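First comes the structure, then the notes that go with it.
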Amino acid sequence: MINKLLRIVLSAHDAGSAGHIGALAVNAALHGMDSLIVAEGAAHIYFKARHIPHVPANAWLASLSTAENSKSNLTLAGEKLTQFGACAVVCGRSSLEGKGIDRTVISAARQIGIPSFVFQDFWGDIWTEDQRPDHYLVLDEVAAQLTREKTCAEVHVIGSPKHVQFLNIDFLDLRQKGRFALGLSADMPTIGYFGQDLHNVPGYGQVLLDVGESVGRLKGVKLFYKPHPLETKFSQLRSLKFFQNSGVDPLVVHNFSAETSIAAADVVLSCFSTVSLDAAFMMAVNKHAKVSIVCADYPESISNFWRPATGLAEFPLITKGIALAASDKLSLENALHLGLTPTERNRQALACQLKLSNPYESVERTLKLISSVINKTTINVRAKF
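Start counting the sequence shown at 0; every next residue gets the next number (numbering that gives the first Met the number 0).
Printed below as a string of structure tokens:
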């Protein structure tokens, strides 16, 4: 049974980890646990758009008086955790850079002696050991093995709590609304390209050119482009220029949620974005959700951008036999052609249902783990006295 007297502070910087944090906060409340979300950046935007109560990180860390202005964020965070009576902290870890409020909260928790947990949103992605949490919460056994090779922290396979929100999604309604907003008919073959902030990586422009040219050769197929939250206006314009130079002029999706964008597509295409995982879990929990996932993991400069940081040899959804891989222009065009077929969309949907964990069980597993660790910590502290 989950302890109903626990108080936890949750933090997030990126949108990817915000989903985990939000799911945990909502369900913790259902169990009588008291929680506080502290957010910044894309996570703040995520919570605000979904009306999830939270405190902006800069406001949370604000000094209480002029005399305290000289205090560091680390000191202030420790005081805030103590004032709240936090028994543990749970933070996000969803970008390869890993910055901001999450590291501050983890360091503060270490200083005041309470357990710390971090949601890993991408396989094998960790902080340096001097900033590590006590516990990493990871997606699957692949992530667990990669993570244990790099850290002394405890590693727990908990699945993907953030995708619990997909259990209540009306996929067909989302698809209809998304396509209507884009001016697409219900049966128009549509590829959604989900951008990433990669223009600093050589070869990314070539991927965009290949996508545009492949879509042009498929005939009668529409392309939309969903920018990543981290893409600047300049980055988006550069992407559009590459697409236009390839001979296509994609629809640009700015105001759709990731869920609506996925539902509006027949093929979800990206390099290594976790939107692929979002699409996979949408199919795992919703019988009406049927899309194809294609990962354009090339050229070598793109692969080398993310593989060394994680230890992966390829995108795990490919390894699991769910997504289609594209390693060059020809295989990209072939994958897109196959992905548009109902047969392939049905195959991927079934594979997701068979191979991915239940998000609700992931939330429950996480809450029980946190409760257990806190209770053990409390017992050990009492024993010292």
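Where a beta carbon is used, it is the ideal one built from N, C-alpha and C, also for glycine.
Since the structure is predicted, the reported quantities are computational estimates derived from the model, not experimental observations.
Measuring CA to CA, which of the options is closest to residue i?
{"i": "residue 10", "options": "99, 83, 75", "result": "99"}
{"i": "residue 366", "options": "196, 12, 25, 42", "result": "25"}
{"i": "residue 252", "options": "127, 183, 282, 103", "result": "183"}
{"i": "residue 198", "options": "287, 300, 273", "result": "300"}
{"i": "residue 389", "options": "31, 160, 284, 58", "result": "Past the edges of the chain, shown from 0 to 384, lies residue 389, and the structure says nothing about it."}
{"i": "residue 373", "options": "101, 133, 103", "result": "133"}
{"i": "residue 126", "options": "111, 320, 152, 110", "result": "152"}
{"i": "residue 28", "options": "18, 12, 6, 205", "result": "6"}
{"i": "residue 202", "options": "328, 71, 50", "result": "328"}
{"i": "residue 148", "options": "168, 124, 167, 129", "result": "124"}
{"i": "residue 342", "options": "375, 57, 265", "result": "265"}
{"i": "residue 164", "options": "346, 344, 352, 18", "result": "18"}
{"i": "residue 239", "options": "54, 211, 344, 58", "result": "211"}
{"i": "residue 217", "options": "49, 232, 166, 340", "result": "340"}
{"i": "residue 319", "options": "346, 302, 226", "result": "346"}
{"i": "residue 333", "options": "306, 233, 213", "result": "213"}
{"i": "residue 57", "options": "71, 352, 50, 49", "result": "71"}
{"i": "residue 271", "options": "234, 245, 309, 178", "result": "309"}
Determine whether the beta carbon atoms of residue i and residue j lie at a separation below 8 Å.
{"i": "residue 335", "j": "residue 267", "result": "no"}
{"i": "residue 113", "j": "residue 90", "result": "no"}
{"i": "residue 162", "j": "residue 255", "result": "no"}
{"i": "residue 242", "j": "residue 249", "result": "yes"}
{"i": "residue 73", "j": "residue 38", "result": "no"}
{"i": "residue 120", "j": "residue 273", "result": "yes"}
{"i": "residue 170", "j": "residue 357", "result": "no"}
{"i": "residue 269", "j": "residue 260", "result": "no"}
{"i": "residue 155", "j": "residue 368", "result": "yes"}
{"i": "residue 145", "j": "residue 122", "result": "yes"}
{"i": "residue 247", "j": "residue 204", "result": "no"}
{"i": "residue 80", "j": "residue 111", "result": "yes"}
{"i": "residue 288", "j": "residue 325", "result": "no"}
{"i": "residue 209", "j": "residue 331", "result": "yes"}
{"i": "residue 12", "j": "residue 129", "result": "no"}
{"i": "residue 103", "j": "residue 131", "result": "no"}
{"i": "residue 60", "j": "residue 76", "result": "yes"}
{"i": "residue 200", "j": "residue 304", "result": "yes"}
Name the one or two DSSP bridge partners that residue i has.
{"i": "residue 135", "result": "117, 154"}
{"i": "residue 33", "result": "6"}
{"i": "residue 193", "result": "225"}
{"i": "residue 109", "result": "The partner list for residue 109 (beta bridge, DSSP) is empty, contrary to what the question assumes."}
{"i": "residue 38", "result": "11, 55"}
{"i": "residue 91", "result": "118"}
{"i": "residue 80", "result": "Paired residue(s): none; residue 80 is not in a bridge."}
{"i": "residue 200", "result": "Answer is none; residue 200 lacks a bridge partner."}
{"i": "residue 266", "result": "190, 291"}
{"i": "residue 362", "result": "DSSP lists no partner for residue 362."}
{"i": "residue 210", "result": "Answer is none; residue 210 lacks a bridge partner."}
{"i": "residue 325", "result": "295"}
{"i": "residue 250", "result": "223"}
Can we count residue i as close to the ligand SAH, meaning its CB is less than 7 Å from some heavy atom?
{"i": "residue 102", "result": "Among the ligands in the structure shown, none appear at all, so the ligand SAH cannot be discussed."}
Which whole-angstrom value is the C-beta distance of residue i and residue j, which I expect to be below 8 Å?
{"i": "residue 338", "j": "residue 371", "result": "Going by Cβ atoms, the distance from residue 338 to residue 371 rounds to 42 Å, so no, they are not a contact pair."}
{"i": "residue 83", "j": "residue 8", "result": "6 Å"}
{"i": "residue 41", "j": "residue 14", "result": "4 Å"}
{"i": "residue 181", "j": "residue 278", "result": "Not really, about 17 Å apart at Cβ, beyond 8 Å."}
{"i": "residue 350", "j": "residue 321", "result": "5 Å"}
{"i": "residue 142", "j": "residue 115", "result": "Their Cβ separation, rounded to whole angstroms, is 18 Å, which puts residue 142 and residue 115 out of contact at 8 Å."}
{"i": "residue 92", "j": "residue 34", "result": "With a Cβ gap of about 18 Å, residue 92 and residue 34 do not count as contacting."}
{"i": "residue 283", "j": "residue 236", "result": "Residue 283 to residue 236, Cβ: 36 Å. No contact."}
{"i": "residue 229", "j": "residue 196", "result": "4 Å"}
{"i": "residue 311", "j": "residue 258", "result": "The pair is not a contact, with the Cβ atoms about 26 Å apart (cut-off 8 Å)."}
{"i": "residue 43", "j": "residue 55", "result": "6 Å"}
Compare the C-beta of residue i with all C-beta atoms of chain C and state if any pair is closer than 8 Å.
{"i": "residue 220", "result": "Given the protein chain composition of this structure (a single chain), no chain C is represented."}
Okay, do the region 184-195 and the region 215-225 touch, 3+ Cβ pairs below 8 Å being the bar? yes
For the 8 Å Cβ check, are there 3 or more pairs between the region 359-375 and the region 309-328? no
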